[in-house]
Amino acid sequence: MAECHPVGFQWVMEAKARGAKIVHVDPRFTRTSAMADVHVPIRAGSDIAFLGALVNHILTRALDFREYVVAYTNAAAIVTEDFQDTEELDGLFSGFDPESNSYSAHTWRYEGAEAAAAAGQRDPSQTGAEEMAAAGKAAREGGQPETAGSGGPSVPGKPERDETLQHPRCVYQILKRHFARYTPEMVEQVCGISREQFAEVADILTTNSGRERTAAFCYAVGWTQHSVGVQNIRTAAILQQLLGNMGRPGGGIMALRGHASIQGSTDIPTLYNLLPGYIPMPHAHQHQDLESFVAADAGTTGYWGNMAAYTVSLLKSYWGDAASADNDFCFDYLPRLTGDHSTYPTVLAQLEGTCKGYFVVGENPAVGSANGKMQRLGMANLEWLVVRDFTMIESATFWKDGPEIETGELRTEDIGTEVFFLPAASHVEKDGSFTNTQRMLQWHYKAVEPPGDCQSELKFYHELGKRIRAKLAGSNDERDRPVLDLTWDYPEHGPDREPSAEAVLREINGTGPDGAALSSYTALADDGSTACGCWIYCGVFADELNQAARRKPGREQSWVAPEWGWAWPSNRRILYNRASADPDGRPWSERKAYVWWDADAGTWTGHDVPDFVADRPPDYVPPDGARGPDAIGGQDAFIMQSDGKAWLYAPIGLADGPLPTHYEPPESILENPLYGTQHSPARGRIVHPANPLNPDQSEVYPYVFTSYRLTEHHTAGGMTRTLPYLSELQPEMFCEVSPRLAAERGLVNGGWATIVTNRTAIEARVLVTERVRTLRVGDRKVEQVGLPYHWGVNGITVGDSSNDLVHVTLDPNSHIQGKVGTCDIRPGRRPTGPALLEYVEGYRRRAGIASEA
Amino acid sequence: MNDRTFLDLWPVVRQLRSGDLLGRGEAAKSGPTRRLTPRTATADQVVKSVCPYCAVGCGQTVYVKDGAVVQIEGDPDSPVSRGRLCPKGSASKQLVTSPNRVTKVRYRRPHSTEWEDLDLDTAIDMIADRVIDTRARTWVWEEDGKRVRRTMGIASLGGATLDNEENYLMKKLYTALGAVQIENQARI
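As you go down the protein sequences, you meet chains A and B in turn.
For the first sequence, counting from 1, position 299 maps to 504 in the numbering used here; every step adds exactly one.
For the second sequence, counting from 1, position 180 maps to 272 in the numbering used here; every step adds exactly one.
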């Protein structure tokens, strides 16, 4: 965190100054480790074993915050007897289909929720096991697990509960059995962390949780970029629920996101499987009309019960007057998914030639995406490519100076891709909002005009849309109706006729029947009388004011600083903050008071906007058959969950099991010590000759590698390798190795090394440092190679791209690739030209892999 | 500032008179340093902004003179960052004023070995034509007997570095065009 989010880390230091203990778990020693009380070096890819052992530590010693756990989590919920755990099936859960490598979640459901729609969550008509598997696969490929981005997936009704937590099939007991084998001894065997150090961390975590104290987890792509990325975070979520750390000040799980508006680009997605506000893209096999689309949610409890209002309001903001009740509000104008259309399958489609045109906008996949060769080969097979950026990034120039030109795999004259490079406007050359990692929107103002041909994306896409509409005007083809009926008239201003970003933000916010800006998503209707471009952002333009532009200085307001920017939803700074009060609505302790029930006023109040129905008393019990928000009981703190509870166990919604389970990374130096199942069985496999995997436990590739960022550079380097200051601060690609590995392989500090995988080999300067530790894992010593990933062939400083080494294997929930693999490392520079291919081929032969290329 | 006497040329006198006994502050300033004026003081416009790198969202203050950015500093008002910026945020003036920025459209013909110049207006028009043509050639109404109403011929990658309003227009336009392979760094 101190390396990649340095200014955010000041708050960790503030906490430390007030007595907080800081634990840093990371394969390498960084600036964060230097400031932490404890640094825990870990084998990359073994996080669930470590976190799972913490879960076990809490459960076996009954250290959980029992009152919180019973009231606010699904610990008491009883699961159907059809469910079988990894304990019974040697690393698999019930419902696995080896043909499709996917799960049906049917057996994971709650008892008493027999009509559960299971993984085909939006397709309740399918109930047979076979259909469920098919629906599960469709749901997974359609990316439906991510629709939980703003609250969990739906379960019908509320489950049977045993609040004594003794029922053998209650979630609490299932958890106990599942994690029983995650012992400190196992942590030593899997992670390379000593029992003593594990005990120290367990003690720090548990003694700093409870009524008086809270603990927080902060993570970044070190957790997400794995074949089990989502389950890594799930394990932390289980810990935080057991310890009562969710919805409370100083608690929670903080995703430290890496781009200025990566949160915003998920909320208002440029993602294949989502529409704004985490509304799923419709799936061809499940949603042919609006009614079937909203059906699964329409009957559920909690705020997703208003799905129809959110969807209709979005359709109204897309298609305005053309969208009416008579034509299903133009629902049919939406294209449908039929599978996984995420970025890596899209690259496969480019290689096959079905995907012909590609826009690359403020992104550099030739360096920043895993397996750079696949990315570049895909782009070399396009008909046309549009790159919008500040400088000549590698994704714009691969056709003349990419690594494949050097090796002779591609010849410039043979590449038929037509490339348009369009220069982009910077953040000071346009108005607009970023959503930061805390879900907070902050407006930035245009300070100067963009130079030359530089344009904002707002201007470019508005202009592109206008021209396409003009060229299609008069078309009678039904195909063109969605384009021609689109609401696309935004006010323009300035010398370049820039569209008004505030007008777009106002459309995102939404308007009511009178045309005035709405102040809350609770006002949205399903009859077409309201329009709203992103329901969770409704309120950002309340009172016709740009709330994201608020800048009351922090020192002039409370520590929550609610008048700086605007956070979704409804300017809440901590989600699910009802849980900061006990079931009766009183703060768990004065020290940790945040929001509470004011019985005299009959309302929730506190330091933040209460994340609850404002006037719903803590003792409220909803009547049978209540739906939507009406069904939220006074103690159902997790209001976006259809059962009102935080999920220790996920009865639905995940593609790879209801509980986190340790599997070895797709390339591993070890045999899984926990189960007979080596790898995550549901992992997303990308099969292509350019994406071969190293064999497990290969002596030819005996080391672990992982990649990371440096403070002085940003992702694929397009915004930093091009600047003199930053290039001077971090002037060269390097690798970090331990003194032991350096001695073993003859690597010299400051010299060169070649790092080799089955994909390719790259070279880097050597940094021999004790910051990378030799780990004792069981009875062997494990070496890890650390690789920054910022370099490419262009810029002020140049170097090989570590992403060229990384294979593509996906988390089945998020479709995100991993960043851990196995490799060899040798002293000296890599061969150049065709000799590089022969060098890599030699490794393949020694590893006994037939070349598929 | 200008009332210095001959004696003031002697540093120890400056140290004693100014109270800067250790000689690390005002007393150590040379004449040329004293005569410097910060760019932030002479700017004719001060604009509030947000750092474009990571997602912490540090406040920035952008100083503009004669229509050009002359300095970018941390915004002390921000409850997120309290005026601080990291090395990247501190270098963001170079990001926007760098001579390495490409400010003209570049065009590479199929199979060509070189870039060519291209007028911006022509470029956008050509891109619009490409979109319309590719969409028409790859349009699919049905797949496996189910209505899909889409094109699998056009993809997009990017958005995490952009504004919410830009992502909104991109998704809106692509969806209306029937393009579904729309992705960004959040997937990576």
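Even glycine gets a Cβ: it sits at the ideal position worked out from N, Cα and C.
| Check | Outcome |
| --- | --- |
| Run through chain A and tell me which residues come within less than 8 Å of P130 of chain B, C-beta to C-beta. | Those within 8 Å of P130 of chain B in chain A number zero; the least Cβ separation is about 18 Å. |
| Establish whether the CB of E336 of chain A and some CB of chain B are separated by less than 9 Å. | Residue confidence for E336 of chain A is low, a pLDDT of 48 falling below 50, so the modelled location carries little weight; the figure read from the coordinates is stated next. For E336 of chain A, the answer is no, since every Cβ of chain B falls outside 9 Å of its Cβ. |
| Please list, in chain order, the chain A residues whose beta carbon lies closer than 8 Å to that of A220 of chain B. | L669, R672, I673 and K676 |
| Using the three-state DSSP reduction, which class does W428 of chain A fall into: helix, strand or coil? | helix |
| Using only the alpha-carbon positions, how far apart do L859 of chain A and Y994 of chain A sit? | 30 Å |
| My output table needs one value for Q660 of chain A: the three-state DSSP class, helix, strand or coil. | strand |
| Taking Cβ-Cβ distances shorter than 8 Å, what residues in chain A pair up with A58 of chain B? | In the structure as shown, chain B begins at 93 and stops at 280. Residue 58 of chain B is therefore absent and cannot be evaluated. |
| What does the alpha-carbon distance come out to for the pair D619 of chain A and N999 of chain A? | 22 Å |
| Should the segment 182-200 of chain B be regarded as contacting the segment 141-156 of chain B, the criterion being three or more beta carbon pairs within less than 8 Å? | yes |
| In three-state terms, what does DSSP make of M924 of chain A? | coil |
| Which stretch, first to last residue, makes up the alpha helix (DSSP H) that contains M512 of chain A? | M512 to W524 |
| Does the segment 215-230 of chain A come close enough to the segment 966-976 of chain A that 3 or more CB-CB pairs lie under 8 Å? | no |
| Kindly indicate which three-state DSSP category I779 of chain A falls into: helix, strand or coil? | coil |
| If you count every other CB in all the chains shown that lies within 10 Å of the CB of Y825 of chain A, and 16 or more means buried, which is it? | exposed |
| Quick check on P186 of chain A: does DSSP put it in helix, strand or coil? | Absent from the structure is residue 186 of chain A, since the part of chain A shown begins at 206 and ends at 1058. |
| Beta strand (DSSP E) containing H1061 of chain A: first to last residue? | With chain A covering only 206 through 1058, there is no way to say anything about residue 1061 of chain A. |
| Drop a sphere of 10 angstroms on the beta-carbon of E763 of chain A, count the other beta-carbons inside from all chains shown, and report buried for 16 or more, exposed for fewer. | It should be noted that the sequence gives Ser, not Glu, for residue 763 of chain A. By the neighbour-count rule (16 or more Cβ atoms within 10 Å), S763 of chain A is not buried but exposed. |
| So which residues of chain B does M645 of chain A contact, with C-beta pairs closer than 9 Å? | G149 and V172 |
| Counting contacts by CB-CB distance shorter than 9 Å, is A554 of chain A in contact with chain D? | Of the chains in the structure shown, none is chain D; the protein chains are A and B. |
| Considering only residues of the same chain and omitting the five flanking positions on each side of G955 of chain A, which have a CB-CB separation below 6 Å? | none |
| Compile a chain-ordered list of the residues in the segment 507-522 of chain A whose CB is closer than 8 Å to at least one CB of chain B. | none |
| Helix or strand or just coil, what does DSSP make of K140 of chain B? | strand |
| What's the C-alpha gap between F234 of chain A and H383 of chain A? | 32 Å |
| With 9 Å as the threshold, decide whether the Cβ of T911 of chain A is near any Cβ in chain B. | no |
| Determine whether the Cβ of A252 of chain B lies closer than 9 Å to any Cβ atom of chain A. | yes |
| May I have the straight-line CA-CA distance separating P202 of chain B from V230 of chain A, to the nearest angstrom? | 49 Å |
| Does DSSP put E496 of chain A in a helix, a strand or coil? | helix |
| So, are the CB atoms of H649 of chain A and S661 of chain A less than 9 Å apart? | no |
| On the three-state DSSP scale, how would you describe L480 of chain A? | strand |
| DSSP on E335 of chain A, reduced to helix/strand/coil? | Its pLDDT being 48, under 50, E335 of chain A is placed unreliably by the model, and the measurement read from it follows with that caveat. E335 of chain A: helix per DSSP, three-state reduction. |
| For Q468 of chain A, would you say it is in contact with chain B, using Cβ-to-Cβ distances shorter than 9 Å as the test? | yes |
| Can you name the start and end residues of the beta strand (DSSP E) that L249 of chain B belongs to? | K238 to L249 |
| Using 8 Å for Cβ pairs, my map puts S470 of chain A next to G117 of chain B. What's the rounded Cβ distance? | Not quite, the Cβ-Cβ distance comes to about 46 Å (not below 8 Å), so this is no contact. |
| Going along chain A, which residues have a C-beta under 8 Å from R106 of chain B? | Under the 8 Å cutoff, chain A gives no residues; its nearest Cβ is about 33 Å from R106 of chain B. |
| At a cut of 8 Å, does the segment 540-547 of chain A reach the segment 747-756 of chain A through at least three beta carbon pairs? | no |
| Quick one: measure Cβ to Cβ for Q883 of chain A and E876 of chain A, integer angstroms, because I've assumed they're closer than 8 Å. | 7 Å |
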